[in-house]
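Asks: Below are the C-alpha cells for one structure; questions will follow.
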Amino acid sequence: MLSKRSNGTVKASRLSQAVAGMVGTTIDRRSFLRNSGLAAGGAALLSSGGPSLVRRAEAAPPAAAALKSVLSVCTFCSVGCTIKAEVKDGVWVGQEPQFDSPINNGAHCAKGAAIRDETNSPRRLKYPLKLVGGKWTRVSWDQAITEIGDKMLAIRQASGPDSVYWCGSAKMSNEQCYLIRKYAAFWGSNNVDHQARICHSTTVAGVANTWGYGAMTNSFQDIHNAKSIITFGGNPAEAHPVAMQHILIAREKNNAPFIVVDPRFTRTAAKASEHVQLRPGTDVPVAWGILWHIFENGWEDKDFINQRVWGMDKIRAEVKKWTPEEVERVSGVPGAQLQRVAKTLVENRPGTLTWTLGVTQHTIGNNNTRALCILQLALGNMGKEGGGTNIFRGHDNVQGGTDMGVLCDNLPGYYGLAAGAWKHWSRVWDVDYNYMKSRFASEKLMESDGTPISRWYDLVLTPKDQLDQPDNLKAMVFWGHSVNSLTRLPHQWDAFTKLDLLVVIDPYVPMSAIMGDRTDNTYLLPAASQFETSGSVTASNRSIQWREKVVEPIFESKPDHEIMYLFAKKFGFEQEMFKHIKVNGTEPFVDDITREYNRGMWTIGYTGQSPERLRLHMANQATFDKTTLRANGGPCDGEYFGLPWPCWGTPEMKHPGSPNLYDPSKPVAEGGMGFRARYGVERNGENLLAEGSWPVGSEIKDGYPEFTMAMLKKLGWDADLTADERAMIEKTGGDASNWKVDLSGGIQRVAIKHGCAPYGNAKARCEVWTFPDPIPIHREPLYTPRRDLVEQYPTYKDTRKFRTPVLYASIQNQDFAKDFPLVLTSGCLVEHEGGGAKSRANIWLAEIQPEMFLQINPFDANNAGIRNGQKVVIEGPEGGHIECKAWVTTAVGKGVCWVPYHWGEAIQGKDLTAKFPEGTGPIVTGNPGNAVMTYGYDSVTNIQENKVTLCRVRRA
Amino acid sequence: MQAATRRKPTAFGRILVLLGALLLPLALTASGTAETPEGLPPTMGPPQGNLLMSGNQAEMWRAVRMGISGRVSILDEKAGTLVQSGGEDLRAFRNGPLSSGGGWLLLASVLVVSAFFAYRGRIKIDRGKSGRTVERFTGFERLIHWVMACSFIVLALTGLNMLYGKHVLLPLLGPVAFAELTQLGKYSHNYIAFAFMASVAVMFVMWVSHNLPDRLDVQWLAKGGGLFAKGVHPPAKKFNAGQKVIFWAVVLGGFSIAFSGICLLLPFEIHPFAATFKILNLVGFALPTDLSPLQETQLALLWHGIMALLLIAVIIGHIYIGSLGMQGALAAVTSGQVDENWAREHHSLWLAEHRGEKVGGDD
Amino acid sequence: MARMKFLCDAERCINCNACTTACKNEHDVPWGINRRRVVTLNEGKPGERSISVACMHCSDAPCIAVCPVDCIYQTEQGVVLHNKDLCIGCGYCFYACPFGAPQYPQASNFGSRGKMDKCTFCSGGPETSHRPEEVSKGGYGRNRLAEGKLPLCAEMCSTKALLAGDGDEVSNIYRERALVRGFGSGAWGWGQAYQMKSGS
C-alpha cells in the first residue's frame, strides 16, 4: 500500500528569501581544512573535500536581513549529530554542516540531512483535536486540557491513579524527561515508561548488573582507537550511519578487522571483514562459542580477570559446553569461523564490542547482553581506549530518558523505587515524603514496579483479578511514543478499543491515533519538536549537548514541559511540582529544570553539567579533539565534550566528565574510575572488590566499597568537608549518608580529592545472582523453528512480573514450526526511525524509502513461487498478517525472513489511512511489520521479542 | 561533431554502426578526439594515481561500465543503472554518422534533383495542353494529401531543427529566440505528428489498391518512366511505378517514423527493438535482445532520425517532380483537374479506364 | 582555476542517502526529481558496494553535445550547468547521460516532460552573478560555490565517502586514503602476499 499524498512543489520563494543573506556569510572552507589538518597525513580519513578555489560573489547584494545560525542536535538517533540551522525571520530556511562538532564532523545521514522538514512539514499536527462521533474536531488547548483532566480525575476517583498510564518519550529533552517522571510521581503512579524499555532495557539491566552503569562505556570517537571491532545484532550503516564514519576510520587507520554478527548480510556487513551469519536468537551460543576458543587456548587476559572480574570460573564451566560442534548445531555458525573470529579478537586488542537491538529484543535479552560483557571482560578490553562495550542506543535522547528514570521501575538517576529513593527525591524536590506517599494508591504500589510500555495493552486486556493493581488501565497517554514499534498489534487494537480515554501528544500523528474502534474520548495534542524549544540531550556516549531553540513553536504546538505544567495545574499540584522551577506564563524555565536534576542525580554524575557549562561546550565545539573528545585550550580546556556522565560533584567542582567508563589509567578527577562497587563487598566469602587495580592517583591502592560519611570518617578524610557540606550530610542521615544521597556533593568531592571514585572500586561480576539466569545461558525463543532444541534449551516457566502474568513455557510447548516454517526477524532502515510517524511525513525521506517490504531468500521465495517485487502476505502464528512487496535477496539466509517495522497504516488487512485527521499523517503508508510479531518478553525487563518469531509467506 | 567511434564500441554500439552501414551508405565518419582515457566514461572511475586499485575493484567498475543494474530504494528502476554506455553511443552516432550522413543525404537529394533539372529541364506536356481536364483526385483525396504534405513539412523542418538547428539557426537567431522557436517546434512536432499519422493511415486505405505492384511497373521502370527522354511515355494506371515507390516509402517510412515517434512520446514504455532483433537473429544477425528501456528509447530516437532523413530525401524528389519538375502535375493535387493530354502521357491506362467508366456510366 | 569534481569512495559509501536528502533539503527539490541517488551493487552478497551518483560534471559532457538548443554549458570550474529558460524538455540529455543525471518533472514526453533539472554542483544557474531573483527563477536552488562552500551532499556525507571539490585535492584525499587503507578490495592480494591482517 503506497500512497503519495503530496505532489511537492518547488518552494523557491522561501529559499530565495534566504539567499541574499547567505551570500554575505561566506564560510572559509580553507580554515576548516586547515583545522582538520588536511596537510598532515591521515586527516584525509575525516575530510570531505578539497579546499575549493571557488569564486566569490562578485556583485554582493546589499546586506539583507541577518541570517542566524543556531546549533541544535539531531532528533533521530543517539549519535548526537550537531544540527546547524539557518534561520531567517523566524523561519528555518537551511541547514549547514557543523564541521566543528567532534561528534559528527559535519556529517549526517539521510534523516539528519532532512531534518529541517521535521519542523516545517505541513503534515504536522497543527492544533488540538478531539474525536467526536468518529470525526476529528478542532478544540482549544483550554478545552482539551479541561476535558482530559476531568476525565482523568474521574478515572482516578473510580479506579485509582494506576489506571492512567503516562508514556513518556526518548524524543524529549533531558529536562522534559525528568519532568515527566516527576510529573508521574506527582500523579501517583509508576505506570510511566518510554522507548528505553523497548530498545535497550536489557542492555541497561544486564550491563549495569555486570559492572555498575548501564550505558555505552566509551564513545563513537573512541572507536578510532580500536584495533578490532565486533558488532552483534547491529546495523550501524543504517541505524547509526555517522557511527560508521568512526568505525571505518578505525578500519582504515588501524587496519582493524571488523566482524559483524548478524542473521542478515546488512550494509554494515558489506563493510566488514567477516560476517558471522547466525540463526536469530542464538547470540549466547555464538558468544560462548568464541569464548570457548579463548579459554581453550588460554587467550583470556588473566591479569585483568584476577584483578577486576569476579565469577569467571562459573562462566568457564558454562562455556565448556559450547564446543564448536554444539555451537554450529544450535546457531548454524561453523566452528572454524568462530575460531578465526576468536583469534582475530585476541590478536587485535584492545577491540571494541558493539551491539544494538538484535541482541536486546529477546526473551533472553539480559542473558545476551551479559554474555557480551563477559566476552569483553575475558579479553581484557574493558576500561581501555579503543575497547569497551560500545552499545549504540536508539533514539536521540533514549540514554537521557533512561537516566532520567522515565521507567516503570525507577526514579531519575536509577535510584529505584524503594522508600529511600522516594525520600531522596522528596528532599531534592523539597516536598514532604508523606505528601508524595499520599499521591499514590498505596505505599506498596508506590514502591513496586509499574507495567512497562512493552506490555501496556496487557494492563488493559488482562482480567482485573489477575493484576497486581486495583483496576485495569483506563486512560492511556502516548506522549511521543509509537505503537508500531511494539509487537502484537492485533492485540493492541483491542486494547485501544477498550480504553476509556486516549491522549496522544506528538508533533505528528502516529499510528496510535488511528488504532482501535474509537469514536470519542480521543485527543490529539500538538507538541513542539525539539527545535522549537531548548534543553539538553544525552548522546549514546553519555555526552550531553545543549539544544538552542531554532524557531518558535509553529502552529498551535506547545513544548512538552509546558503541556506538563498545564496538566499539573489542572490536577492542582503545580505549586508543589514547580516549587523551584520558574514558570514563565505557563512555560517552565528549562534551565531551572536542569539545575534541579543537577541537585539530585548523584548516582550517575549528572550533577556537574549545569546549563552554563553545556552551552559553553556547544559554543566551543572546535576546541575539542575529534578522537579523545577532550578540549585542548579554550574555555573548556581539559574537559570532555558534553561532560559525559559521570561528571561528578557540583558544577563548581569542574569535573571534566568521564570519556571512557571504568578506565583506571586516568585519575578520577580527570574521568578515570574502576568498576562500581554496587553488589556488596563479598559474595559467598569471595571478595567482590578490585584487587591490585585502582585509578591512577588513588590514595587507596586497592579495591574499596562505595563512599559513605562513616567511611570518610574512618579514613580521616571528613576533615576535608566544608562546614556547609558537613551540615547538609548531618541533616541527610549522618554517618549513613552516602555519595548518592548527599545533596551537598561533599562526599563525592572529598573522595575524588583523594583520587577515589565515589562509587567504590570493585570487580565486575559475571554472575548476577538476582536474575532468573545468574549465569547467562541459551534458551530457545518461544516461537522456535528448532523443536529438537527445546528440551535441551527450554525457556522459562510461566511467571508473573510487572503486575501481570508473563507466559513462557506454555507458548514454547506448542509446536508452531510445522505450520509456520520460516523465521521472521525485523529491523530498521536508514531513512526511517521507530514508528515512522515523522520520517514518513518528511517529504524527502518518504520519497527515497517509500515502500514496506519483506526480505526473503531466493530459496524460500522459489519454494513459495514468489518473485522479486511481487506482493506477498506474511502470516504469523498468533493470527497477525500483513501484506507487502517481496524483496528476494541473499542478504537473508535460507529459512529467514526480515521486515522493517516503520510502517503502520493497516491492521489485519484493514486500511487505516482514512482515519488520519485531514492533512496529517505520513506521506507514504504501508503495513506494520510488528503486526506479525508475537508474544515474548525478557525475563528481567519485559522487553518485547521483536527479533524471532515464525511466519509463513505466500503470494498475495 | 564527435568521433563516431570514440572508443571500443559495445554491442549496442555495434548495432548502431550496423544500422548506419545498412541505411546510410553516405555516412561519413566525422573527426574528433576523445578526452577521457580509453574505456572510461568521463570523470568516472577512481582518480589517477590510485596504485592500489585491485583486480576486484577493476572488475566491479568494468561491470558498472557494462551497465549492470543495482538497487535503489526510490520507485524508479532506471535509476538503478549506475552507468549506461548507450548514451555515449547515442551521442557518437547522432552527432556523427546521423547528422553528417543525414546532411550529405539531403544535400545529395537536392543535388540529384538539380542535376536532373539541369539535364532535363521542366518536363512539358508533349502535346501541349488540350484544354480539357479530367478529375484525377477527388476533394477528399486532395485533402488527405495536403494534410499529409503540410504536416510532413512541419515535422521535417522541426525535426531537422532538432538535429541541425543549433548549427544553423542558433547563430542567426540567438539563444533565446532559437530556444523559443525550438520549443514551439517541439510542441508542433509532438502534436502535428498525429495529423501526419492519421493521413498516412487514410491514404493507405484509400490508395493501397492502386499501388500494388504489377507487370506494368517493370516496363515503366525499364523505360525510366520516360523521364529521361522526350516523347517516351510508358503506360501507367492511376499510379505509375515511381509514384508507387513514393507511396510505399511514405507508408512504410511513415509507419516506422510514427511508431518510433510514439516510442519517444512515451519514453521507456514501448520496447520494439528487442523483439525485432530476436526475429532478425533468426536470420543470422547477432543483435542483443536484452535491451534496457533506456536503450530501447535511444534506438527509437536514432531510428526515428534515420528514417526521417531518408524519407525527407525521397520527398524532396517527390516535391520536385510534382511541382517544378513537370508541367501539369501540380494541378492533380490542387484543383484535382488534370489536363487530358498530361493524363494521356503519364497515366494512359488510367485515363482510358476513367473515360470508359465514365462513358459506361453515361450509358 | 580549480576543476570541480565529485568522487564517491565506494569503500566508504554505506548507502545512507544523506547526500540525497541534503540535496533535496538545500535546494527544495520537488518530489520525483532525484538530482542525486545511491545505487547498491551486488546487493546482499559479499562485495556489495554502494555508490552515490549525480551529475558528474563530465569534461566532455555528452549532454552538452546532444542538447538541440545548446542550453547546457560548462563553467570555467568545470561545472556543467543548464539554463532552464532555454530548455525545451526534449530528453536527449537523459538519453545521452551515462549517469542518468537529468531529471524531469513529468515522466512522459507527451506535450512536455517539463524542463530538465539536475545537479548544479551547488552553484545554481544560469547566470553567474547569483542575484536572488536569478537563483529563484529556475528552481536551481542555492549557489554554495559563490558562498565559498562546497556541495552540501559531500559536506554532509555520513562517512565522508562522497568527496567534492577541486579535482586534484579530491584525488589526493582519495589516494591518501587508499594508501592508509591497503586492505580489502582496495588492495586485493596484499593480504596473501604480505601476510597482512584479515580484511579480505
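Chains as they are written, first to last, in our numbering: chain U, 16 to 971; chain G, 22 to 384; chain D, 4 to 203. Glycine included, every Cβ here is placed at the ideal spot set by N, Cα and C.
Name, going along the chain, the residues of the stretch 108 to 124 of chain U whose beta-carbon falls closer than 9 Å to a beta-carbon of chain D.
Replies: Residues G109, Q110, E111, P112, F114, N119, N120, G121, A122, H123, C124.
Asks: CA-CA distance, V104/G and L837/U?
Replies: Cα to Cα, the separation comes out at about 37 Å.
Asks: Using the Cβ count rule (16 or more neighbours within 10 Å means buried), how would you classify L514/U?
Replies: That one is buried.
Asks: So if I threshold CB-CB distances at 9 Å, which residues from the stretch 260 to 293 of chain G count as touching chain D?
Replies: Of all residues in the stretch 260 to 293 of chain G, L285, L286, L287, P288, F289, E290 have a Cβ within less than 9 Å of some Cβ in chain D.
Asks: Since Q322/U and A705/U are thought to touch, with beta carbons under 8 Å apart, how far apart are those beta carbons, to the nearest angstrom?
Replies: That pair is a contact at about 6 Å.
Asks: For V102/U, which option in V566/U, G149/U, I305/U has the closest C-alpha, if you only look at C-alpha atoms?
Replies: When each option's Cα is compared against that of V102/U, the closest is V566/U.
Asks: Quick test of the definition: if touching needs 3 or more C-beta pairs under 8 Å, does the stretch 743 to 750 of chain U touch the stretch 758 to 775 of chain U?
Replies: The answer is yes - the stretch 758 to 775 of chain U touches the stretch 743 to 750 of chain U, with three or more Cβ pairs under 8 Å.
Asks: Shorter than 9 Å from the beta carbon of A104/D to some beta carbon of chain U?
Replies: It does not: the Cβ of A104/D has no partner Cβ on chain U nearer than 9 Å.
Asks: On the three-state DSSP scale, how would you describe Q236/U?
Replies: Here Q236/U sits in helix by DSSP.
Asks: Once you ignore the five residues that flank S369/G on each side, which residues in its own chain have a CB closer than 6 Å to its CB?
Replies: So the list reads P256, once near-sequence residues are dropped.
Asks: Ordered along the chain, which non-local residues of its own chain (more than five positions away) have a Cβ less than 8 Å from that of A99/D?
Replies: Here the set comprises P65, C66, A68, V69.
Asks: Got a sec? Which residues, its chain only, sit under 6 Å from A637/U by beta carbon, not counting five neighbours each side?
Replies: Closer than 6 Å at the Cβ level, and outside the excluded window around A637/U, lie D115.
Asks: Who are the neighbours of A128/U on chain D, taking C-beta pairs under 7 Å?
Replies: Under the 7 Å cutoff, chain D gives A21, T24, A25, N28, M159.
Asks: What does the alpha-carbon distance come out to for the pair I858/U and I938/U?
Replies: If I take the Cα positions, the gap works out to 7 Å.
Asks: With three or more C-beta pairs closer than 8 Å as the rule, is the stretch 133 to 152 of chain G touching the stretch 345 to 354 of chain G?
Replies: The answer is yes - the stretch 133 to 152 of chain G touches the stretch 345 to 354 of chain G, with three or more Cβ pairs under 8 Å.
Asks: What span of residues does the beta strand (DSSP E) with L165/D cover, start to end?
Replies: Residues 165 to 169.
Asks: Residues of chain D with CB under 7 Å from K207/G, in chain order?
Replies: In chain order: I91, C93.
Asks: Taking 8 Å as the threshold, find out whether the stretch 771 to 779 of chain U comes into contact with the stretch 934 to 948 of chain U through three or more Cβ pairs.
Replies: Cβ pair count under 8 Å is below three, so no.
Asks: Cβ of L84/D less than 9 Å from any chain G Cβ?
Replies: Judged by the 9 Å Cβ criterion, L84/D is not in contact with chain G.
Asks: Does V552/U have its Cβ less than 9 Å from a Cβ in chain D?
Replies: No, V552/U does not count as interfacial toward chain D.
Asks: For M451/U, count the other beta carbons within 10 Å of its own beta carbon; 16 or more makes it buried, fewer makes it exposed. Which is it?
Replies: It is buried - the Cβ of M451/U has at least 16 other Cβ atoms within 10 Å.
Asks: Using only the alpha-carbon positions, how far apart do L822/U and H215/U sit?
Replies: Near 21 Å, if we compare the C-alpha coordinates of H215/U and L822/U.
Asks: Is the CB of R15/D under 9 Å away from at least one CB in chain U?
Replies: Yes, contact with chain U.
Asks: Can you tell me whether DSSP reads S139/D as helix, strand or coil?
Replies: In this prediction, S139/D has a pLDDT of 47, which is less than 50 and means its spatial position is unreliable; nothing more can be read from the coordinates.
Asks: Mapping DSSP to helix, strand and coil, what is R236/G?
Replies: The answer is helix: DSSP assigns R236/G an H, G or I state.
Asks: When the Cα atoms are used, what is the spatial distance from K853/U to V106/U?
Replies: About 19 Å.
Asks: Judging by CA-CA distance, which residue of G81/D, D73/D, M159/D, V82/D is the nearest neighbour of I91/D?
Replies: Selected option, being the one with the closest Cα: D73/D.
Asks: If we count the other Cβ atoms within 10 Å of its Cβ and call it buried at 16 or more, is I300/G buried or exposed?
Replies: Exposed.
Asks: Would you identify the three-state DSSP class for V85/U, choosing helix, strand or coil?
Replies: Three-state result, V85/U: strand.
Asks: Which whole-angstrom value is the C-beta distance of F582/U and G164/U, which I expect to be below 8 Å?
Replies: About 7 Å separates the two Cβ atoms, so the contact holds.
Asks: Is T152/U near L144/U, with beta carbons less than 9 Å apart?
Replies: Going by C-beta atoms, T152/U is nearer than 9 Å to L144/U.
Asks: Decide if Y538/U is buried, meaning its Cβ has at least 16 other Cβ atoms within 10 Å, or exposed.
Replies: So Y538/U ends up on the buried side.
Asks: Bridge partners of K925/U, per DSSP?
Replies: Partner(s): I922/U.
Asks: Which partner residues does L539/U have in the DSSP bridge list?
Replies: For L539/U, which the question treats as bridged, DSSP gives the partners L144/U, V519/U.
Asks: Taking CB distances under 9 Å as the criterion, tell me whether P873/U reaches chain G.
Replies: Chain G, which has no Cβ nearer than 9 Å to the Cβ of P873/U, makes this no.
Asks: I want to verify the contact list: residues of chain U whose CB lies under 7 Å from the CB of I95/G, in sequence order.
Replies: E862, I863, listed in chain order.
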